[in-house]
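Quick note: the sequence shown uses this note's numbering, first residue 124, plus one each step.
Glycine included, C-beta positions come from ideal geometry on N, C-alpha and C.
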Amino acid sequence: MSVRKLDNGKWYAEVYLGKDPITNRKVRKTKTFSKQKDAKDWEREIIQAYKTGELNIDSNMTISEYLDYWYDTYVLAHTKYNTQRRYKTLINCIKDHLGHIPLDKLKTPHVDRFYSDLRLEKDSKGNRKYSNSTILKVHKLFNQTIEKSIAWNLLIKNPVKYATKPQEDEINMEVWNLKQVNYFLENIKDSDIYNIYYPVLISVYTGLRAGEVAALKWENVNLREGSLSVKYNAVEKKGEGVVLETPKTEKSKAKVMLPDVLTKELKILKREHRKHKLEHGIDLEFVCCWPDGKPYRPTYLSKAFKHHVERLQMPYITFHGLRHTHASILFEIGATSQEISKRLRHSRVSTTDDIYIHLKDDIKKSTADLFNQAVENLK
């Protein structure tokens, strides 16, 4: 801490605040004044503000450095592998555009301009590189990271919070009806290429995700009760292959009751697995797996599913779309949001409503049309 007179007659104040806990750089606050009294007053104010926590420590740490620290300190310690990969992609997007800016110099106009640039950016084919949905995901993550910087006493306020929130794409969720589901299952059951009959059957009848289907073991299936428990999620790690992780939330581990038709099909599959063990000496612990017992990769399920959708010229949905189809069928037969949320193992009912609000609106409209038709028939 010092106040000294410069050759030009002005007064220079400097306050040393220790070292930045993240970058280990020495942190100083400096300012120049016309009067010695003003310099000393400012020095006292800075010291007091620092002691009370009203002043953040900064050492010209860039946004890029901060995001790396946040990822290493928070993300790696608190999230699963797939979430880490998703966050890393969004972080790299922010770093590419704003990484060079010192963290404490970030202003709301920087953020607004960043979102505008993303909307205008094109890929190699001249198409939009980032959808509105992706930009919204960037915004939510960026806001989350900067909020954490306040808790860490690196910033006093969050400039991302006051930026114009990107608009979300209008959701047009494609799902199949029961007739389409049955047609698809009938035409892939005996396929010699990409035979994923059982993974599709399980997903569309239970709402399990691809990783959950791939990780499902017989020890977690109760055929007598007609239920299964989701204990693991299969993820693909570079250099490691398929790795089993526990689901990211406790609710994701809930028991799922099976419809009778699925229980009967799984009993048939179980008998086939027993026969396989007798003939080849390989105990197949996974419900859906290769002849050598190794589980399917989630990306294989997605690729195989796409192959059959295109081959059968079905309305395009992804493997994850089977989960949405399951929810859609439940809505159509009158299940409530609470019941569907529990079955899909969402952490909150509001999550179910947010995802499927458009499906619910379509079903309401369809119901209203049926009512109108009934009224018209009375005339």
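Inter-residue spacing [alpha-carbon to alpha-carbon] between residue i and residue j
i	j	result
residue 443	residue 197	28 Å
residue 437	residue 230	48 Å
residue 410	residue 348	17 Å
residue 369	residue 316	31 Å
residue 185	residue 212	18 Å
residue 408	residue 281	50 Å
residue 314	residue 307	11 Å
residue 418	residue 363	13 Å
residue 150	residue 298	56 Å
residue 430	residue 318	11 Å
8 Å Cβ cutoff met for residue i and residue j
i	j	result
residue 371	residue 475	no
residue 289	residue 255	yes
residue 187	residue 223	yes
residue 346	residue 357	no
residue 352	residue 376	yes
residue 194	residue 173	no
residue 241	residue 258	yes
residue 320	residue 311	yes
residue 126	residue 159	yes
residue 452	residue 277	no
Burial state of residue i, where buried means 16 or more other Cβ atoms lie within 10 Å
i	result
residue 434	exposed
residue 388	buried
residue 128	exposed
residue 334	buried
residue 440	buried
Residues near residue i in its chain [Cβ-Cβ closer than 6 Å; skip 5 each side]
i	result
residue 420	359 and 365
residue 480	none
residue 428	442
residue 495	Here residue 495 scores only 49 on pLDDT, less than 50, and its place in the model is too uncertain to base an answer on.
residue 462	none
residue 534	Residue 534 falls outside the range modelled here, since the chain spans only 124 to 502, and no answer is possible.
Same chain, Cβ closer than 7 Å to residue i, five either side skipped, listed in chain order
i	result
residue 330	446, 449, 450, 466 and 467
residue 245	251 and 252
The ligand NAD heavy atom lying under 7 Å from the CB of residue i
i	result
residue 413	Because no ligand of any kind appears in the structure shown, any question about the ligand NAD cannot be addressed here.
Cut-off 8 Å between Cβ atoms - residues of its own chain near residue i, not counting five sequence neighbours on either side
i	result
residue 381	328, 329, 349, 350, 351 and 389
residue 405	399, 414, 415 and 416
residue 471	464
residue 303	437 and 438
Checklist entry - Which residue spans inside the segment 309 to 375 form an unbroken alpha helix (DSSP H) run of at least 4? => result Correct list: 320 to 329 and 333 to 338.
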